[in-house]
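This report refers to the structure that appears directly beneath it.
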Ligand SMILES: Cc1cc2nc3c(=O)[nH]c(=O)nc-3n(C[C@H](O)[C@H](O)[C@H](O)COP(=O)(O)OP(=O)(O)OC[C@H]3O[C@@H](n4cnc5c(N)ncnc54)[C@H](O)[C@@H]3O)c2cc1C
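In my numbering, the protein residues as written are 1 to 232.
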């Protein structure tokens, strides 16, 4: 089985951006995500300004702001990168060799192995979606949040804080809120993106800090630059 130089879990705004930049610089990247139908899927149409030269900027088309169309353009650009392997799987836990992370276990069975693993799982850790009186385990409308990865991280001692985001009502969807867990600020090192408890493990995006799409994309690029520096 191929071993990636960098494996990114979650093809949302930060993970996809980081993967795109790393692959364009010749790094062998695995981008593993729960559903290929929701790669870089916005809650609401992204609005400029965007970071210069970002995947977010390239996938944006002011003439067609539909969220599905934006997602399709981003996925097409990612699939065009020859060093990037985008695939569907759900990470259920970390694979360790001593104190070093060497990949992830997946719900589907085959492990994904890598020298460095990045968690970019957005609002999907312990997520609860609330629409009126209805509550479901989902990180986004119609996208389930499974408990396995969180349970594994908790068993390894990671600490979390509670966060919440909301989506206003639109003509086609009801308003709703998402409650989720993000890594406790003391678990994460902002300058290096490292989750300090283990070697070879990093985190980016909403699972470590709050912000809009442009910030998530900026953070994905910043992580990529840091990893490029580490990889020499
Ligand atoms: C409810 C809500 C509404 C928001 N609305 C806006 C908005 O309108 N405009 C704005 O600028 N910002 C908004 N934000 C803020 C933020 O910019 C977005 O949430 C953004 O999508 C976060 O990017 P991300 O890369 O961290 O995660 P996401 O874009 O959420 O991507 C995470 C990805 O990880 C995948 N994943 C999760 N767990 C696993 C696993 N175990 N295995 C494999 N894959 C996994 C998911 O399927 C998902 O594709 C909102 C946030 C929330 C919570």
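Virtual Cβ for every residue (Gly too), placed ideally from N, Cα, C. In this text, all values refer to a predicted model and were calculated from it rather than measured experimentally.
### Query
Are at least three pairs of beta-carbons, each pair with one atom in the region 64 to 77 and one in the region 175 to 185, less than 8 Å apart?
no
### Message
Just verifying my parser: in three-state terms, what is the DSSP assignment at residue 115?
### Response
strand
#### Entry: Close-in-space but distant-in-sequence residues of the same chain around residue 69 (CB under 6 Å, 5 per side omitted)
none
### Task
On a CA-only basis, which of 224, 95, 228, 137 is nearest residue 18? Give me that one, please.
224
### the region 108 to 118 / the region 142 to 154 touching (three or more Cβ pairs under 8 Å)
no
### Message
Can you give me the C-alpha to C-alpha distance between residue 290 and residue 208, rounded to a whole angstrom?
### Response
The requested residue 290 does not occur in the structure, where the chain is confined to residues 1 to 232.
### Query
Using a threshold of 7 Å, is the CB atom of residue 170 nearer than that to any non-hydrogen atom of ligand 1?
no
### Query
Below 8 Å between beta carbons: does that hold for residue 127 and residue 142?
no
### Message
Could you tell me the alpha carbon to alpha carbon distance between residue 211 and residue 135, rounded to whole angstroms?
### Response
24 Å
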